[in-house]
């Protein structure tokens, strides 16, 4: 397998987007929808081929490296390791699902249906590029470029306050991006003095010795951008607004895929480029992650708007992911990476099924529903299933990841796990309260005529639900891809602190293995 | 050669032009004041060229004259148009281009 | 000072006890290699019933019953196969697949989904599939008129599958999978009548309270993994003696928290009474016979941890003792027949917990009582269901009375269950409760006396229930026509009644004790302060007092049709579930609601307010500064001049300085 694969994988949706955008407006919208679905399915097949050809444990694969801007050492460099592969797979799985589920959601937008689906495909292509980039400059450019499609998706096809929400999202992200730009420039300056000359290649930058003080500043530059993206407390307030105003499909793309770039960046760039600074910042970040977990969950309980509720649950879940990354042991980091994938699935299911619900009723307010189960049992069942996956019921995929994060947290420090574990109680509350208020009780007259889910809607969700169940009972295929890559990543942070908790624990573990 | 009188004249002309621009309302007069300033500058340029014994300053003066000529063409045309539409040549009346 | 003395008095001495046995499963072969089928059958049933939709409405209940009956057959065959093996060889493992694996090279943590079939799980298998199958049969009749009966059977099958995962798993993670699975099934079934807000609320409450218990489970798992590097019972039991007592105590208490949640023990007891909102077969199967006893199973299964953690064991005893009294007191004051039985369930599980906390001496008796209770309580719940079935779903005992003539079979079977629970000599409950009280008295007299009092209270509230339901004057409304239930419902009642009577044979010749020895270790004979016969007589006397008291207070008087309000403080407290809900509301719910509201405001006005404030600052300054762009050419010229002057002055200053 050579490097052209990844480039093609990235290019297919982008070309598809260009074709859609170029289609004359007189072409029927349904053609545009079919083209979009077709392109996303082709991408899915390509990615599946790549996934099967991927060799776990062999480091970066399908690498490509071309000079791009030699003046400051930027390359067009792509490559996949297990972490990247997992997220690319998540992206290509969710995009066709979202396209199918949002079949009619682009019809009343500010712009044409063509552009709605074109932006979705563009986002897919750019996201694949972000997860595959092995050059920091390329990553930065793509990282910022993903803002464009999502800005238009929120701003053009959503609720009444969509313009304000899109603007808030954009400015939030741009602020983070600019801070990161400063750090990216700083990396260039640092690398210029090193043996490699000026370079942005990740593999080379990882070997560049960075001065302690400088490293910490650069780390902060990256981390702030990723924390806004993720989003973490206290820079999270854009997410509920954006989720509440965007269509459900947009929210999936935003929360399930785009936000993962933040946590992906933490594990890919923060840990490997600035291991010392990561260790230095860990205590504060762990506390922030804990606050995110509890704070997001508590706010979710108090929400009346369904999409805002899901957005706050995501803030709680992102807290778990960040926690897993920064406890820096293999349980935590593997769990966190797996969590990114699983959270993508469960949140997608949750957003899409509530999207169906909201579209039917014309209101997103929980108090406008009641007793829907009676008239739409399939929808109720799927909502409950998605909700249970969100509250990490064992047997559904998010459980494994959340459990691993908690085990990792315990090994970092028991009190961290004790605080974090309160999240599972609160999760039960926010999900079941929502279910209770919308689905059970006497059926309200306003929802009496509600249709149950149609074939298209169920078909769109089915792959996600099957994956949630399948990976819940047998997550090994995914874990065997993720785990070696995570271990490779942890080598960087292990090196700087010989007495990290991970070492101490695995020590006893090895003993146990020996005993048996 | 003593440059002082020439420079002094240039400074006086420039100041007159300056005051003219700042105090007069009639667009034509303001325009003439600007020309006066330009010519004061030209005088200084030519004087210094003479002092240094090279042509750099004179070339610059030519540029200024050419630009000033072009400016007069455009500027007078604008003033004419404003006058036609507003029946006034006062610069204070043409204050629509603001915050 | 008194507290210390009390603690010392309560500290259960286990000195001299033998080391807990190590679990060493052999590979499954022969008939036992079909073990996975026990779980697979009901799981498949659940999948078919829940996915097939309405087209399976006509035969769904039959399929659901058939899968469980099949499971029971497999369990029976497996049990016979296990009986045929040598005593030291009765632990059989079957590896299904590796759930997940983390780590590289020599430091891999691997969570396997594997089955462990040993004497303990064998008993549970028979109980779950046996009683489960009977209750399925009963439900065919009980739910016959419900349009969603097919779904009900789907949920029941799901529950059976999950419960079997719980007791068959060979490690804590697999157990947790079943643990949450039964929690989910319980949630679905309590809230089965979803259109009733009270049912939906009760379902949610059960799930959330159980989640609080799960906190203990998850943390225990984390600590176990950190300490042992494995979650399998085999690995932990082999290494538990080398681990410090502090760690084991912590694990023990965390497991106890989990057990409290699932088994409705104080302080996580509040959900069980509300759970009676579910259909009655559910109360019988899940909230009496099987799921709620999972906590007891957990403690007994974790004997290798509790044996080395004396303080945690004491904790189990305290929880058990408090709950057995707590539940009994509640049972005395309720008028809702199902709630009386629910309080009784709590109380009986308290007995089991207490026995399990007594260590090697008590494990076998805990399981014994668990089995007999499974029989007689399921019997009585189904009997209550049968009564409700004939009484238009009326649950208030004050509207019953004199039903023994109208429903003779229900009355007869219920009466046998009643005799079993109060411990009438010869009935199953007599043997099992007797043994627990004896052991408790031998280990610690405070606990023993509490258990003895509990037996008296049990006799009181059960007699009260019997009298109010089946005896006395008829108090039901005229439009109610009590009638006996169909055969499909009475047959399970008869079978269960028979089991309630003869359940005591299990302990004949100490069979059950010897059977469980490979799992929980060999108990040394304990020294009783007085001869056994004295204790037995004492217990019987206390029970007789309880029955007599009920006769004088309830049987000889007119039962008012509405509950009297001028009652003592104790009755009021018991009617309010001893203020368990009030405490939860006051301590957690209302402050929690305030907190979420407060945080909502905080998030909007402080966190987002900062962001919007920053944006606002820029907006305000922009509107201020743009005023300078006033459109007057001359003012621009002036500022131009001022700027030029400023630059000149600056240049001069720089040149001079």
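Chains as they are written, first to last, in this note's numbering: chain V, 1 to 516; chain Y, 1001 to 1099; chain D, 2001 to 2657.
Even glycine gets a Cβ: it sits at the ideal position worked out from N, Cα and C.
Alpha-carbon spacing of residue i relative to residue j, whole angstroms
i, j, result
"residue 2611/D", "residue 151/V", "19 Å"
"residue 28/V", "residue 93/V", "26 Å"
"residue 503/V", "residue 426/V", "Bear in mind that a pLDDT of 38 at residue 503/V, under 50, signals an unreliable position, so the number given afterwards is only what the model happens to contain. Looking at the two C-alpha atoms, the distance is approximately 32 Å."
"residue 2270/D", "residue 2347/D", "13 Å"
"residue 2422/D", "residue 2282/D", "23 Å"
"residue 2127/D", "residue 2374/D", "7 Å"
"residue 106/V", "residue 85/V", "30 Å"
"residue 59/V", "residue 338/V", "18 Å"
"residue 2070/D", "residue 2038/D", "8 Å"
"residue 44/V", "residue 54/V", "15 Å"
"residue 1107/Y", "residue 1007/Y", "Given a span of 1001 to 1099 for chain Y in the structure shown, any question on residue 1107/Y remains unanswerable."
"residue 174/V", "residue 154/V", "16 Å"
"residue 198/V", "residue 189/V", "7 Å"
Test: residue i CB closer than 8 Å to a CB of chain D
i, result
"residue 418/V", "yes"
"residue 497/V", "Confidence at residue 497/V is low in this model, with a pLDDT of 43, below 50, so its placement is unreliable and no value can be given for it."
"residue 1091/Y", "yes"
"residue 1021/Y", "yes"
"residue 1010/Y", "no"
"residue 512/V", "Confidence at residue 512/V is low in this model, with a pLDDT of 39, below 50, so its placement is unreliable and the value that follows should be read with caution. Yes, its Cβ sits closer than 8 Å to a Cβ of chain D."
"residue 410/V", "yes"
"residue 1095/Y", "yes"
Beta-carbon proximity of residue i to residue j, cut-off 8 Å
i, j, result
"residue 2189/D", "residue 2296/D", "no"
"residue 2234/D", "residue 2382/D", "no"
"residue 519/V", "residue 2218/D", "Since the first residue of chain V shown is 1 and the last is 516, residue 519/V is not available in this structure."
"residue 318/V", "residue 270/V", "no"
"residue 442/V", "residue 370/V", "yes"
"residue 2631/D", "residue 1095/Y", "yes"
"residue 2031/D", "residue 2077/D", "yes"
"residue 2465/D", "residue 2539/D", "no"
"residue 159/V", "residue 245/V", "yes"
"residue 2330/D", "residue 2527/D", "no"
Minimum Cβ-Cβ distance from residue i to chain Y less than 8 Å
i, result
"residue 2627/D", "yes"
"residue 2613/D", "no"
"residue 2631/D", "yes"
"residue 2641/D", "yes"
Own chain residues within Cβ distance below 7 Å of residue i, not counting five before or after
i, result
"residue 112/V", "25"
"residue 74/V", "68, 135, 137, 138 and 200"
"residue 2376/D", "2417, 2420, 2421, 2428, 2429 and 2500"
"residue 1099/Y", "none"
Minimum Cβ-Cβ distance from residue i to chain V less than 8 Å
i, result
"residue 2271/D", "no"
"residue 2191/D", "yes"
"residue 2403/D", "no"
"residue 2060/D", "no"
Cβ-heavy atom distance, residue i to the ligand ADP, below 7 Å
i, result
"residue 2567/D", "The ligand ADP is absent from the structure shown, which contains no ligands of any kind."
Contacting residues, own chain, Cβ-Cβ under 6 Å from residue i (five flanking each side not counted)
i, result
"residue 2441/D", "2448"
"residue 358/V", "364"
"residue 1083/Y", "1089"
"residue 483/V", "334"
8 Å CB neighbourhood of residue i in its chain, flanking five on each side removed
i, result
"residue 90/V", "256, 257, 260, 340, 341, 344 and 345"
"residue 1037/Y", "1013, 1014, 1017, 1018 and 1021"
Give the list of continuous alpha helix (DSSP H) stretches no shorter than 4 residues that lie fully inside the segment 2406 to 2443 of chain D.
Runs of alpha helix (DSSP H) with 4 or more residues, each lying fully within the segment 2406 to 2443 of chain D, are found at 2408 to 2422 and 2428 to 2443, listed in chain order.
Secondary structure, alpha helix (DSSP H): runs of 4+ residues fully inside the segment 453 to 502 of chain V:
Those alpha helix (DSSP H) runs which fall completely within the segment 453 to 502 of chain V and span 4+ residues are 455 to 473 and 476 to 496.
Taking only runs of the beta strand (DSSP E) that begin and end inside the segment 9 to 49 of chain V, which ones reach a length of at least 3 residues, in chain order?
Runs of the beta strand (DSSP E) inside the segment 9 to 49 of chain V: none found.
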